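In our numbering, the protein residues as written are 613 to 857. For glycine and all other residues, C-beta sits at the position ideal for the given N, C-alpha and C. Just so we're clear, the structure is a prediction, and the values are computed from it rather than from any experiment. Please read the structure below before turning to the comments.
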Ligand SMILES: Nc1ncnc2c1ncn2[C@@H]1O[C@H](COP(=O)(O)OP(=O)(O)O)[C@@H](O)[C@H]1O
Ligand SMILES: [Mg+2]
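See the structure below:
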């Protein structure tokens, strides 16, 4: 069982898109997958068609209830979120175990899964720290833009800090280049990332592909929406790269 945080404190880097479609790609290969929404904007839950969940991750984190799991079919399960999660930061901070709530909640169900993917909010605050403490690995989706690259250092520093104290075995699975296109600037940034981070960058990158956005509006994974698209091909290749090493 592997728990992976999908992390970047910038919005719009492809965290939610990666959680849904990598999750589905792994599930299609027979892996049991749980995707966990810990963003109060609940884009992940909406992406798979869960609009108004009655029980959410908030109940587990802040009310000591068990994690609610929705079966999405075909080996894929979801822990949903809603806007109530926006209040979790303050409540978790008041609790001495506030940083460990997600790890504790996952313990009861993690043996049911091969992979648990946590879709982080666009911040490095207490919900994200909960995800990192619960995880063995981190995937960092990054747009090929100058400001995205600058933000990577902040993430690396946070992960180092966690490794020294709260989660010594946490490891960076990889930096994932997303929304890659053929512009010169985009190519230059890709080269900079490879030069700076070498083997930490996934060989697979995710091309810019409008079908990925259309799939989210249709509340489907890319494999259900357009299985022959570039997006489906790229996320399938990413799942292969992860399964093979
Ligand atoms: N490879 C891609 N090609 C085109 N659009 C993409 C791609 N990846 C993500 N998007 C779109 O970009 C927006 C932000 O992606 P999202 O996964 O929600 O980012 P985050 O969760 O990091 O905020 C969404 O509208 C999504 O559909
Ligand atoms: Mg998101």
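- Counting C-beta pairs closer than 8 Å gives three or more between the stretch 625-643 and the stretch 826-842, which meets the contact rule.
- Pairwise C-beta distances place the stretch 643-663 out of contact with the stretch 807-823, as fewer than three of them are shorter than 8 Å.
- Taking the C-beta atoms as reference points, residue 714 is found nearer than 8 Å to residue 742.
- Proximity to residue 850 across 687, 777, 794, 788 peaks at 788, based on C-alpha coordinates.
- Here residue 840 is exposed, its C-beta having fewer than 16 other C-beta atoms within 10 Å.
- In the structure shown, residue 679 adopts coil according to DSSP, grouped into three states.
- In this structure, the C-beta of residue 628 approaches ligand 2 to less than 7 Å from one of its heavy atoms.
- Contact between residue 629 and residue 760 fails: their C-beta atoms lie close to 15 Å from each other, not under 8 Å.
- Inclusion of residue 737 and residue 702 in the CB contact set at 8 Å is not warranted, their separation being larger than that value.
- At a cut-off of 7 Å, the beta-carbon of residue 752 does not count as near ligand 1: no heavy atom of the ligand is closer than that.
- The residue among 659, 616, 633 with its C-alpha nearest the C-alpha of residue 831 is 659.
- The continuous alpha helix (DSSP H) containing residue 822 extends over residues 822-829.
- Taking 8 Å as the cut-off, the Cβ atoms of residue 669 and residue 648 count as close.
- The stretch 744-758 and the stretch 780-796 touch, with three or more beta-carbon pairs separated by less than 8 Å.
- Proximity to residue 826 across 813, 811, 843 peaks at 843, based on C-alpha coordinates.
- For residue 842, the uninterrupted alpha helix (DSSP H) run begins and ends at 842-855, by DSSP.
- DSSP, read as helix, strand or coil, puts residue 615 in strand.
- Checking the DSSP bridge columns, you'll see residue 689 partnered with 646, 683.
- In this structure, the C-beta of residue 849 stays at least 7 Å away from each heavy atom of ligand 2.
- Checking the 7 Å criterion, the Cβ of residue 651 is within range of a heavy atom belonging to ligand 2.
- Distance from the CA atom of residue 857 to the CA atom of residue 623, rounded to whole angstroms, is 28 Å.
- Taking the Cβ of residue 655 as the reference point, at least one heavy atom of ligand 2 falls within a distance shorter than 7 Å.
- Annotation for residue 795 indicates a beta carbon at 7 Å or more from all heavy atoms of ligand 1.
- DSSP, reduced to helix, strand and coil, places residue 789 within a strand of the structure shown.
- The residue among 697, 631, 770 with its C-alpha nearest the C-alpha of residue 847 is 631.
- Around the beta carbon of residue 855, fewer than 16 other beta carbons sit within 10 angstroms, so the residue counts as exposed.
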